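In our numbering, the protein residues as written are 1 to 103.
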């Protein structure tokens with residue numbers, strides 16, 4: 001029963017992070033549209049405004065990267081926790097850390 005509670009909390013945390021990422025990506029879409037409109041207008045004030053908009057866009061991208069990094073860490077920890085409870089040995093802690101990459 002304790003594992004079910006942990007799984008529920010992990011899933012809630014993942015869902016919260018994915019919602020945050022989606023909200024930031026939606027905001028980025030709006031920023032990119034505004035940046036494009038300002039660029040196409042060639043109006044000096046609009047072009048100057050793009051500097052701040054591009055900074056905001058870059059900060060948002062940084063936040064998305066951080067959120068995905070946190071998600072990756074949380075996922076790894078949850079896999080480690082679930083593998084420690086598996087007595088069959090089918091999925092061991094060391095197996096969770098092995099990555100197969102094409103050569």
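Each residue gets a CB set at the ideal place from its N, CA and C atoms; glycine is no exception.
On a predicted model such as this, the values are computed, not experimentally measured, just so you know.
The alpha-carbon separation between residue 74 and residue 67 amounts to approximately 10 angstroms. It is roughly 27 angstroms from the alpha-carbon of residue 51 to the alpha-carbon of residue 69.
Taking 9 angstroms as the cut-off, the Cβ atoms of residue 49 and residue 38 count as close.
Per DSSP, residue 77 is one residue of the alpha helix (DSSP H) stretching across 44–84. Less than 9 angstroms divides the Cβ of residue 10 from the Cβ of residue 78. Excluding its 5 nearest sequence neighbours in each direction, residue 71 has C-beta neighbours in its own chain below 6 angstroms: 17, listed in chain order. Rounded to the nearest angstrom, the gap between the Cα atoms of residue 33 and residue 14 is 29 angstroms. Distance between residue 25 and residue 81, taken at the CA atoms: about 31 angstroms. With contacts defined by Cβ atoms closer than 9 angstroms, residue 31 and residue 47 do not form a contacting pair.
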